[in-house]
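A.B. asks: Using the working numbering, read the sequence shown as starting at 4 and increasing by one per residue.
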Amino acid sequence: MKASVILAHPYPKSFNHAIYKTVNETLAETGTAAFSHDLYEENFNPVMTTGELGSDKSDDRLVNQYADELVESDYLIFIHPNWWGQPPAILKGYIDRVIRPPYAYDFPEESTGGGLPIEKLNGKHGMVYNTSNTEADREDSYFGDPLDKIWEKCIFGFCGIKKYHRRMFRIIADSSEADRKRWLEQVRSDITEIIK
Ligand SMILES: Cc1cc2nc3c(=O)[nH]c(=O)nc-3n(C[C@H](O)[C@H](O)[C@H](O)COP(=O)(O)O)c2cc1C
4 MKASVILAHP YPKSFNHAIY KTVNETLAET GTAAFSHDLY EENFNPVMTT
54 GELGSDKSDD RLVNQYADEL VESDYLIFIH PNWWGQPPAI LKGYIDRVIR
104 PPYAYDFPEE STGGGLPIEK LNGKHGMVYN TSNTEADRED SYFGDPLDKI
154 WEKCIFGFCG IKKYHRRMFR IIADSSEADR KRWLEQVRSD ITEIIK
């Protein structure tokens with residue numbers, strides 16, 4: 004079993020980094036090979052180029068590497084905070100540039116791109132860990148939890164991933180040491196339960 008683990012948070016002392024560390028430690032304990040990337044640390048460029056948009060190839064070494072790893076992985080694990088109901092821009096750039104044809108989905112040759120895609124990531128398991136500072140009631144009733152729709156339907160679903168697991172940890176701003184410890188235990192047990 005292999006996993007791609009992608010972290011998008013700029014601050015090394017963040018709770019997101021603690022999640023990333025726990026995921027990586029637990030994967031190692033379960034004997035799962037991991038392609039782990041801290042996008043800020045690796046200085047990933049999120050901006051798609053003109054040439055890249057019209058082509059199946061990229062000149063960016065990281066884009067090609069991440070895409071190859073995505074295809075090779077059984078588990079795709081993303082860790083990021085809720086920023087305006089969306090992933091941070093650096094991860095949005097990863098989604099645009101890496102989760103793309105011909106790796107993650109494609110269109111039939113005769114298609115204009117207007118129809119349904121050919122799903123290329125079938126059978127993989129998508130996992131997302133999010134953090135936020137909004138109460139669950141307000142997130143669900145007022146904002147509609149956009150990150151859930153983005154990951155489950157717009158990204159994983161579009162590429163054929165039906166096995167989906169997501170956790171939102173909140174409220175980070177008011178959390179105690181004990182809360183964070185308990186949350187990291189949940190991450191640890193998710194990984195050991197799901198990745199067998
Ligand atoms: C640019 C920006 C936008 C944010 N937008 C939201 C938001 O829409 N909803 C929310 O609940 N929290 C929002 N937050 C708060 C972050 O989600 C919160 O700081 C983070 O999840 C805390 O995790 P950390 O300790 O790992 O940084 C935002 C923070 C920043 C910096």
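Cβ atoms here follow ideal geometry from the backbone N, Cα and C, with glycine treated the same way.
Every value quoted in this text rests on a predicted model; they were computed, and no experiment measured them.
Starting from Thr134, trace the beta strand (DSSP E) both ways and give me its first and last residue.
C.D. replies: Run containing Thr134: 128-134, per the beta strand (DSSP E) assignment.
A.B. asks: Could you give the first and the last residue of the continuous alpha helix (DSSP H) run that contains Phe18?
C.D. replies: Per DSSP, Phe18 belongs to the alpha helix (DSSP H) from 18-32.
A.B. asks: Hey, quick one: how far does the beta strand (DSSP E) through Val74 stretch, first residue to last?
C.D. replies: Taken as a continuous stretch (DSSP letters only), Val74 belongs to no beta strand (DSSP E), being part of the alpha helix (DSSP H) at 64-75.
A.B. asks: Quick check: the region 139-153 against the region 109-121, are there 3 or more CB pairs under 8 Å?
C.D. replies: Verdict: no, contact absent.
A.B. asks: Of all the options Pro13, Lys5, Phe18, Gly129, which has the alpha carbon lying nearest to the alpha carbon of Ser135?
C.D. replies: Taking only the C-alpha atoms, the option nearest Ser135 is Phe18.
A.B. asks: Looking only at C-alpha atoms, which of Val190, Met130, Thr195, Asp143 sits nearest to Lys165?
C.D. replies: Among Val190, Met130, Thr195, Asp143, the Cα nearest to that of Lys165 is on Met130.
A.B. asks: Using the C-alpha atoms, what's the distance from Ser114 back to Thr53?
C.D. replies: In a straight line, the C-alpha of Thr53 is about 21 Å away from that of Ser114.
A.B. asks: Here's the rule: buried if 16 or more other CB atoms are within 10 angstroms of the residue's CB, otherwise exposed. What is Leu56?
C.D. replies: Classification of Leu56: exposed, given that the 10 Å Cβ count is below 16.
A.B. asks: Go through its chain and collect everything with a Cβ distance to Glu75's Cβ below 7 Å, but skip five positions before and after it.
C.D. replies: So the qualifying residues of the chain are Lys5.
A.B. asks: On the three-pair Cβ rule with 8 Å, is the region 115-130 touching the region 160-179?
C.D. replies: Because the criterion of three Cβ pairs below 8 Å is met, the region 115-130 and the region 160-179 touch.
A.B. asks: Is it true that the region 90-101 meets the region 38-50, where meeting means three or more beta-carbon pairs spaced less than 8 Å apart?
C.D. replies: Result yes; three or more Cβ-Cβ pairs closer than 8 Å.
A.B. asks: Keeping to the same chain, check which residues put their C-beta closer than 8 Å to that of Lys95; ignore five residues upstream and five downstream.
C.D. replies: Closer than 8 Å at Cβ, skipping near neighbours: Pro49, Gln89.
A.B. asks: Grab the span of the beta strand (DSSP E) containing Arg170 for me, first residue to last.
C.D. replies: Element bounds for Arg170: 166-172.
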